Amino acid sequence: MRLNCIINGAAVSVDIDADARLIDVLRDALALTGTKEGCAEGECGACTVLIDGLAVNSCLVLAAQVEGRSLLTIEGLASGDGANALQRNFIERGAIQCGFCTPGMLMSATALLMRVQQPSREEIRRALAGNLCRCTGYEPIIEAVAAAADEMAGPA
Amino acid sequence: MAAFKYVGLSPPCPDAFAKASGELRYATDLRLAGMSYACLLTSPHAHARIDSIDARRALQVSGVIGVYSHEDAPATRYCRYRIVPGQAGCVDDESLFAVTARFVGDRIAAVVATSPQAAREGVRRIEVGYTPLPAVLSAETALEPDAAHIHAGGNLLHRFDHATGDAPVAPADAVRTCTRVSTQMLHHAAIEPHTCLANFDASGRLTVWSPCQSVYGARTVVADLLGLAYNKVRIVKVPMGGSFGGKQEFILEPVTAYLAMRTGRPVCLTLDREACIRSTMVRAQQRSDVRSTVGADGLILDLEVDTLLAAGAYASSSPDYSEAMAHKLTRLYRVGRYHHRGRVAYTNTPVAGGMRGWGAPDIATCAEIHLDQVASRLGLDPLEIRLRNLVHPGDIDPLTGHSVGEAWVRRCLARGAEAFGWRERVGLPAGTGRIRRAVGLACGAHKNGIFSDAFPEATTMTLKMNEDGSLDLNASIHEVGAGSAVTLQTIIAEELDVAPQMISTREADSESTPYDFGCFGSRLTYFCGAAARALAAKMRARLIEAAAELLAVASENLCAAGGRVVPLGGGDSGLSYAQIVQAARMRYARDMIVTHTHRGTSNPGSYCVQFAEVEVDVLTGLVRVNEVLTVVDIGRAINRQMVEGQCRGAIQSGIGSALCEEVTIDGAGRTGAGGFKNYHLINAADMPPVRVLLVEHDGDEGPYGAKSVGEIAVVPTAATIVNAVNRALGTRLATLPLTPDRILAALGDRAPSGSREPACG
Ligand code: FES
Ligand code: FES
């Protein structure tokens, strides 16, 4: 079957199997390999993408379900060639070690910041609770999200 | 303290933006032209003879290229852990495909197909005839006289007996205490699943792309197994999404290489999470009986440990791992006599192997839980008993005869106690309501590199300076995500006084980067860092020598500063590095390239002390960690942020091992953890705030005093948490993890003895 949707702002039309998972279509058919697979069971969050602004585990979604929807993946995050505020804070604050959880973390954080302008530390923790990281101990990630939120809100 | 220009700052890793933008290609992201996909059929039985393998229905699946098993694969046995040919302690007991299934998850066959779906479908259709054999699921039962043998030669894989010193005559008021501590099988839980790619080309050359920790180690295992010359086998280290030791051993490389050879196609093998937990390797289940005689003054007169470790179905690194456990406590405490006996048994359970800390967390957990019990019997503050026994800088480890070096663990403990407010908090009542609160602490020791009397420590690196003054470091770097590349960049930058960004690094590739044992053994910063420093010093000398010729002055009157070689007294008559490189080439036909082979001659102790506060809900048995303070005897932080990152990540992992992480086995040898659903990792919501304190000083052979951090940082964590829980509850819990069930059971049994833990054997 044919899937039509918007990915990172561009219209996409691609042939898919009816039972194809969204993650496979992104990574294989569309070569968007920034979205990672860590568990295939909705537990690790490495595969997080945004569907109409909501963070979902793309390993649990059928590609057919995103017909007509608008998707944002990690490849769509950077502004032009440079890092956006969230990415830059991740890089500068030690929120990235091996980097395998990073795309998913960034997408969950993006969804949070789209919903809540200046989330509390507790809100950030809860928003990232579905994204596992074995390297960083989370704190630098939480700090990076908080700092990016502050930056994006501008001077008070 | 010397002033540094780059050391101690926190520049990000060179690949940080590639990671943040999704551009970095990990093994699972690589696509080779004509790539095929492999899927493994693994054993559903813990122990079974394989009578028949019928692949006919699998071969009918559209897209299936071939089915491979012991029926056609070489029967050669190998050791997945071996780094150098003929390495002592390596047992060749594993083969590409099992003839006898030895654990649930053992490799029986592989299907290669044009798509992952077809490969999986092929696996489902293979019919295997098994005759189940009696399974041995614990080290205890494995060593019973009538236990079924897992390998010819019996189940006792390894034993050791190390003793040193004489126990002084114990005064009458000395106390003798015994504690049995059990630690569980753990999953490394790198978020990147195990993946390997291989291609065997028409010229007879094999290339393997793997997120591994030793390209040269992988090469000897793969080449020897497949009968290829070493220069026909190229192992390329690709970006790694975490290892924690789980990718140190060569688990997928041999079988993927074999499949590529057999099919003549590029093959990609990726394991799903369940297979990563069950079929790669785990931290060993072990139990140790710790017996001590301690004087009323708190001095440890005698310390005896008896360890029984379950190796799982194949030897892998378990013999060495168990030995490592025996070599930690004498570099942590001054003890009158130390005696450690160990036995390692084959079991029909997942293969045990190296994991972050390599024996050090395992033994620290045992000893530190024990020491709290001793302190409590003596009425001593846990801080006090440790202060009375910890090693001092320059002590000789009686077991090895080598110095513990600049061992500032006492300073770590004192500073940490101060910062944590230990003395004020230790005596606070735990409360009598539903929530009990208390603090705990523990110490740990590890090492710096692999130098020992039995194994050399060496590495080779090349540094080249280009016409614009930029530099290329050619070294076998195996970046595990901990900042190896930026650490070496920073050291070279400091030595040559150029910006770290001026130095390019590359990852290990057995075809083009010089020999190195690999990234393990806490050797990167301490040893490879020292090598990089010496290498850069050689480059500096070469630049100064060339400048001296060019300027017609004596080289003693020149120095390197700010990317230039200038007269010692200052002045601006010097030459930039770029000018030197260009002029040296054009005038003297000389290249600015240096190669250095570095040799290690020391292995001082690494130390970490941790403090934590926990709250236990006595109704549910749930533990909440409120706060952790970690103090590391780092010597020198080369990249402060990376060092702190190692400390924080280690605590996430250590808390998990204390409270919730466990690969369980049922009565049939099946692992309970199907995936992360049943293997709970500490997440962002569970994670307590962590404070990191670093104790810095000069000394030892590391660059600017730097010592290791990635492994030592996890060593005391589990014991710290367990000690805090026991203090909160008045229990003597010593079987990990402290699940709600175990905690409630211990509470139910509290009066009058205070513990349900099994007595020492
Ligand atoms: S891969 Fe989708 S949640 Fe883990
Ligand atoms: S950075 Fe490695 S898993 Fe998060």
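Here the protein sequences come in this chain order: A and B.
Letter 43 of the first sequence, counting from 1, is numbered 41 in our numbering, and no numbers are missing.
Take any residue in the second sequence, note its place counting from 1, add 35, and you have its number in our numbering.
Each residue gets a CB set at the ideal place from its N, CA and C atoms; glycine is no exception.
A quick note: this is a predicted structure, and the numbers were derived from the prediction, not measured.
Reduced DSSP category for residue i - H, G, I as helix; E, B as strand; rest coil
i              : result
residue 645(B) : strand
residue 457(B) : helix
residue 528(B) : helix
residue 499(B) : strand
residue 653(B) : coil
residue 714(B) : coil
residue 483(B) : coil
residue 562(B) : helix
residue 761(B) : helix
residue 729(B) : strand
residue 57(A)  : coil
residue 148(A) : helix
residue 195(B) : strand
Neighbourhood of residue i by C-beta distance below 7 Å, restricted to the same chain and skipping five residues each side
i              : result
residue 735(B) : 440, 441, 637, 639, 670 and 742
residue 307(B) : 228
residue 534(B) : 528
residue 355(B) : 124
residue 538(B) : 506, 508, 524, 527 and 528
residue 573(B) : 629 and 631
Top-ranked residue by Cα proximity to residue i, from the options
i              : options                           : result
residue 547(B) : 508(B), 566(B) and 536(B)         : 508(B)
residue 378(B) : 169(B), 711(B), 197(B) and 572(B) : 197(B)
residue 149(A) : 102(A), 56(A) and 88(A)           : 88(A)
residue 445(B) : 713(B), 667(B), 372(B) and 328(B) : 667(B)
residue 140(B) : 265(B), 146(B), 79(B) and 48(B)   : 79(B)
residue 391(B) : 761(B), 347(B), 752(B) and 768(B) : 752(B)
residue 519(B) : 558(B), 504(B), 550(B) and 531(B) : 558(B)
residue 126(B) : 186(B), 105(B) and 181(B)         : 186(B)
residue 230(B) : 34(A), 4(A), 11(A) and 21(A)      : 34(A)
residue 691(B) : 744(B), 771(B) and 565(B)         : 771(B)
residue 421(B) : 138(B), 43(B) and 475(B)          : 475(B)
residue 292(B) : 646(B), 281(B) and 268(B)         : 268(B)
residue 472(B) : 658(B), 41(B) and 248(B)          : 658(B)
residue 458(B) : 279(B), 646(B), 374(B) and 570(B) : 646(B)
residue 414(B) : 223(B), 462(B) and 451(B)         : 462(B)
residue 317(B) : 330(B), 136(B) and 220(B)         : 220(B)
Whole-number beta carbon distance between residue j and residue i, since they are thought to touch under 8 Å
i              : j              : result
residue 140(A) : residue 124(A) : That belief does not hold up - the Cβ atoms of residue 140(A) and residue 124(A) are roughly 11 Å apart, past 8 Å.
residue 100(A) : residue 684(B) : 14 Å between Cβ atoms; not a contact.
residue 275(B) : residue 516(B) : 6 Å
residue 315(B) : residue 286(B) : 5 Å
residue 93(A)  : residue 142(A) : 4 Å
residue 284(B) : residue 124(B) : About 13 Å; that fails the 8 Å criterion.
residue 470(B) : residue 656(B) : Actually they are not in contact, since the Cβ atoms of residue 470(B) and residue 656(B) sit about 12 Å apart, beyond 8 Å.
residue 549(B) : residue 510(B) : 7 Å
residue 521(B) : residue 48(B)  : 5 Å
Contacting residues, own chain, Cβ-Cβ under 6 Å from residue i (five flanking each side not counted)
i              : result
residue 270(B) : 243, 250, 253, 254 and 545
residue 343(B) : 174, 322 and 378
residue 18(A)  : 61
residue 17(B)  : The structure shown has nothing for residue 17(B), since chain B only spans 36 to 796.
residue 407(B) : 417 and 758
residue 5(A)   : 69
residue 233(B) : 243, 291, 292, 295 and 302
residue 240(B) : 267
8 Å Cβ shell around residue i - same chain, five flanking residues per side excluded
i              : result
residue 106(A) : 43, 46, 53, 125, 126, 128 and 129
residue 486(B) : 492, 562, 635, 636, 637 and 638
residue 597(B) : 532
residue 39(B)  : 529 and 739
residue 14(A)  : -1, 0, 1, 23, 27, 61 and 62
Going along the region 299 to 333 of chain B in order, which residues come within less than 7 Å of chain A, judged by CB to CB distance?
-> 307 and 308
With 8 Å as the C-beta to C-beta threshold (strictly closer), list the residues of the region 43 to 54 of chain A near chain B in chain order.
-> Hits within the stretch, in order: 44.
Which of the residues in the region 224 to 255 of chain B, read from start to end, lie with their CB under 7 Å from any CB of chain A?
-> Listed by position along the chain: 224, 225, 226, 227 and 228.
Of all the residues that make up the region 708 to 721 of chain B, which are near chain A by a beta-carbon distance shorter than 7 Å?
-> 710, 711, 712, 716, 718, 719 and 720
Select from the region 207 to 224 of chain B all residues with a C-beta closer than 7 Å to any C-beta belonging to chain A, and list them in chain order.
-> 224
Taking Cβ-Cβ distances below 7 Å as the criterion, which residues of the region 83 to 99 of chain A are in contact with chain B?
-> 85, 88, 89, 90, 92, 94, 95, 96, 97, 98 and 99
Can you list, in chain order, the residues of the region 42 to 59 of chain B whose Cβ is nearer than 9 Å to any Cβ on chain A?
-> 45, 47, 48, 50, 51, 52, 53, 54, 55, 56, 57, 58 and 59
Residues within the region 112 to 145 of chain A neighbouring chain B, beta-carbon criterion of under 9 Å = Within the region 112 to 145 of chain A, 120, 122, 123, 124, 125, 126, 127, 128, 129, 130, 131, 132, 133, 134, 135, 136, 137, 138, 139 and 140 place their CB atoms closer than 9 Å to a CB of chain B, listed in sequence order.
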